Structures are given as C-alpha cells and as structure tokens.
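Each remark here refers to the structure printed beneath this line.
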Amino acid sequence: MKNPLKQEEWSPYVAGAGLGLVAVLSLLLANQLPGSSGAFQNLAAFVAKPLFPDNFFFNYLMPPAITWQVWLLLGVFLGAMASAMLAGVWKLDPNPDPQWKAVFGPQVWKRWVMAFIGGVILEFAAGIAGGCTSGLAISGSVQLAPAAFLFIPGMFIGGIPVAMLIYGKRY
Amino acid sequence: MTVGTVILTVFLGFVFGWTLDKAGLTKYHKIVNVFRFTDLSVLKYMLSAVVVGMIGIWALKGLGLLDLTGTVNTYIAGNFLGGILFGVGMAAAGF
Numbered sequence: 003m004k005n006p007l008k009q010e011e012w013s014p015y016v017a018g019a020g021l022g023l024v025a026v027l028s029l030l031l032a033n034q035l036p037g038s039s040g041a042f043q044n045l046a047a048f049v050a051k052p053l054f055p056d057n058f059f060f061n062y063l064m065p066p067a068i069t070w071q072v073w074l075l076l077g078v079f080l081g082a083m084a085s086a087m088l089a090g091v092w093k094l095d096p097n098p099d100p101q102w103k104a105v106f107g108p109q110v111w112k113r114w115v116m117a118f119i120g121g122v123i124l125e126f127a128a129g130i131a132g133g134c135t136s137g138l139a140i141s142g143s144v145q146l147a148p149a150a151f152l153f154i155p156g157m158f159i160g161g162i163p164v165a166m167l168i169y170g171k172r173y
Numbered sequence: 121m122t123v124g125t126v127i128l129t130v131f132l133g134f135v136f137g138w139t140l141d142k143a144g145l146t147k148y149h150k151i152v153n154v155f156r157f158t159d160l161s162v163l164k165y166m167l168s169a170v171v172v173g174m175i176g177i178w179a180l181k182g183l184g185l186l187d188l189t190g191t192v193n194t195y196i197a198g199n200f201l202g203g204i205l206f207g208v209g210m211a212a213a214g215f
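Residue numbers (our numbering), protein chains in the order written: chain A, 3 to 173; chain B, 121 to 215.
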C-alpha cells in the first residue's frame, strides 16, 4: 500500500473526519470554531478602512485585525500546499480545470474574471449570512445552531440553478 | 493571543487545509459538481466533519469539559438569503 501521506486523494469521509477533529480541538483548546470568510474580511479591512473611514462594517463589525481566523487561514494555506507537494502534484498553473475548459473554452482570463466575480458574490453573501461553508455550515451544525440548517439548503437553492445555467444541456 | 495559541492555531489550520486538499476540494470540478450531483465529495466531507465534530463536542460538553457560549447567531432571513447568494457565488467561482 502506498504511503497515505503521499496519496493525492483520500476518501472524503476520512478527510472530513479530520476536519471534525480540528473543530473539536479548536473549541476545547482555543474556545473557537473553524471559519475562513471572516479572516478575509478582517484582512480586507486593512485596505478598506483607510478608503472608507466612516464605513460601519469595517469600523465595528470587521475592523482591520489579525484574528484567530487569520492564523487559521495561514495554516490552511500551508497545509493544503504541503499536502499537494508531498503527493507530488503541486504546481503553479494559471490554466483552468479541464472541466472548465470544456464549457468556457481555453482562455485563461475568462477563468480569472469568473473566479473574481464569483469570489466577490461569495464573500459578500458570507457577510450577510454570518459565515461560509466552514464557519457557518460546519461549525454551526456541530453546535446545532439553526443558522447552519438555514444556510445549507440556501446554498443548494442558489448553486443548483447557476450550475444548470452554466452547464445547460450538459447538466 | 499568546505565541502558544498562534502556533496551535496555525497547526489546526494546517490539518484543515491538508484535509481539504486530500478531499480534492481545492479543485474546480469537485466544487461545481456537487451542484450537478455528479460528485458528492463536498457533501461527504462536510457531513463527515459534522458527525465527528458533533459527537466530540457534545460528548465533551456532557462531561463538562467545554461550554458552548459562542454559538453562531441565527437570524432567519440573513442566514437563508445569504446562503442562496453564497451558493450562486460558489457555483460561479468553483471555490
């Protein structure tokens, strides 16, 4: 059997269980739960607050700060990179995924524009909802917070029609 | 935050990122295909994390080793409508 550290993929059930353990240890040792969208907002505030000094959101809700989530995000970046490097699949590649190319064509700029627009929508929505897939859907569910059970169906109600629109007959 | 907390947090993030990559969730097609129901890795990963996290957290709470004071806030319209818009962004970006 191949060394599991060098395998490109694990069963998503095993990988997910790993995140479950991270959630338990975060709450036990740091009294926090994993999340990522908040870290991006606190980091964005370093640019946004000087530009909009009276903005309520960047003054009171998400002020510029190196929060717990920012450190977690740094770890996420390093962990995902180490995983891909050990598996020998890490590379800097601006080209889109083969499935993307089959739908939108090979142009790299289209992928970057779409990633940017989608990213803006995603982060704005996380601001409205109060979290993202990790901070709200997963961390909320483990606490049995009703918010998570409103967010997850919403995610599919929003995502399915967009995927249908993009993939058309190939859906 | 103490240096110890920062090291612990980066380590926890490291494991989080490691599992994301191992589940293939750093790839565009894995994210989009959950909305096409052709690859359910995102759901399998999320629900497995929820099951393990839920059992661990509620067992430790039952033993009195931790408390759940920082529960995620619920506001029905925000969580639900934010979720819908989030799905739109997720399917478009593939992240």
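Ideal Cβ positions, reconstructed from N, Cα and C, are used throughout, including at glycine.
Remember, predicted model here, so these are calculated numbers, not experimental data.
Quick check on DSSP: helix, strand or coil for residue i?
{"i": "Met87 of chain A", "result": "helix"}
{"i": "Gln2 of chain A", "result": "What is shown of chain A runs 3 to 173, which leaves residue 2 of chain A out entirely."}
{"i": "Gln43 of chain A", "result": "helix"}
{"i": "Leu61 of chain A", "result": "What sits at residue 61 of chain A in the sequence shown is Asn, not Leu. Asn61 of chain A falls in the helix class under three-state DSSP."}
{"i": "Glu10 of chain A", "result": "coil"}
{"i": "Pro163 of chain A", "result": "helix"}
{"i": "Pro108 of chain A", "result": "coil"}
{"i": "Trp138 of chain B", "result": "helix"}
{"i": "Val192 of chain B", "result": "coil"}
{"i": "Leu94 of chain A", "result": "coil"}
{"i": "Tyr169 of chain A", "result": "helix"}
{"i": "Phe215 of chain B", "result": "coil"}
{"i": "Leu76 of chain A", "result": "helix"}
Apart from the five residues on each side of it in sequence, which residues of its chain come closer than 6 Å, Cβ to Cβ, to residue i?
{"i": "Tyr165 of chain B", "result": "Ala143"}
{"i": "Leu186 of chain B", "result": "Leu180"}
{"i": "Met64 of chain A", "result": "Gln43, Asn44, Ala47"}
{"i": "Ala82 of chain A", "result": "none"}
Are the CB atoms of residue i and residue j nearer to each other than 9 Å?
{"i": "Val72 of chain A", "j": "Ala169 of chain B", "result": "no"}
{"i": "Gly209 of chain B", "j": "Phe42 of chain A", "result": "no"}
{"i": "Ile151 of chain B", "j": "Val162 of chain B", "result": "yes"}
{"i": "Met173 of chain B", "j": "Ile140 of chain A", "result": "Reading off the sequence shown, one finds Gly at residue 173 of chain B, where the question assumed Met. Result yes, Cβ atoms of Gly173 of chain B and Ile140 of chain A sit closer than 9 Å."}
{"i": "Leu152 of chain A", "j": "Thr129 of chain B", "result": "no"}
{"i": "Phe215 of chain B", "j": "Ala117 of chain A", "result": "yes"}
{"i": "Leu146 of chain A", "j": "Cys134 of chain A", "result": "no"}
{"i": "Leu74 of chain A", "j": "Gly133 of chain B", "result": "yes"}
{"i": "Ile168 of chain A", "j": "Ala212 of chain B", "result": "yes"}
{"i": "Val78 of chain A", "j": "Leu167 of chain B", "result": "no"}
{"i": "Gly230 of chain A", "j": "Asn153 of chain B", "result": "Residue numbering for chain A in the displayed model covers 3 to 173; residue 230 of chain A lies beyond these limits and cannot be assessed."}
{"i": "Ile130 of chain A", "j": "Leu201 of chain B", "result": "yes"}
Among residues of its own chain, excluding the 5 on either side of residue i, which ones have a beta-carbon nearer than 7 Å to its beta-carbon?
{"i": "Gln28 of chain A", "result": "Looking at the sequence itself, residue 28 of chain A is Ser, so the reference to Gln does not match. The answer, listed in chain order, is Gln34, Leu35, Pro36."}
{"i": "Asn97 of chain A", "result": "Val110"}
For residue i, which residues in the same chain have their Cβ closer than 8 Å to its Cβ, ignoring the five residues on either side in sequence?
{"i": "Gly105 of chain B", "result": "Because chain B spans 121 through 215 in this model, residue 105 of chain B falls outside it and cannot be assessed."}
{"i": "Gly132 of chain A", "result": "Leu138, Ala149"}
{"i": "Trp70 of chain A", "result": "Ala32, Gln34"}
{"i": "Tyr62 of chain A", "result": "none"}
### Under 8 Å (Cβ pairs) to chain B, residues found in the segment 25-56 of chain A
Cβ contacts with chain B come from Ala25, Val26, Leu27, Ser28, Leu29, Leu30, Leu31, Ala32, Asn33, Gln34, Leu35, Pro36.
#### Entry: Near-chain B residues of the segment 64-96 of chain A (beta-carbon distance less than 7 Å), N- to C-terminal order
Trp70, Trp73, Leu74, Leu75, Leu76, Gly77, Val78, Phe79, Leu80, Gly81, Ala82, Ala84, Ser85, Ala86
### Task
Output, in sequence order along the chain, the residues in the segment 137-154 of chain A whose CB is closer than 8 Å to any CB in chain B.
Gly137, Leu138, Ala139, Ile140, Ser141, Gly142, Ser143, Val144, Gln145, Leu146, Ala147, Pro148, Ala149, Ala150, Leu152, Phe153, Ile154
### Query
Name the residues in the segment 161-172 of chain A whose C-beta lies less than 9 Å from a C-beta of chain B; which are they?
Gly161, Ile162, Pro163, Val164, Ala165, Met166, Leu167, Ile168, Tyr169, Arg172
### Task
Anything in the segment 138-156 of chain B with a Cβ closer than 7 Å to a Cβ of chain A? List those residues in chain order, please.
Against chain A - using a Cβ distance shorter than 7 Å - the residues of the segment 138-156 of chain B are Trp138, Thr139, Leu140, Asp141, Lys142, Ala143, Gly144, Thr146, Lys147, Tyr148, His149, Val152, Phe155, Arg156.
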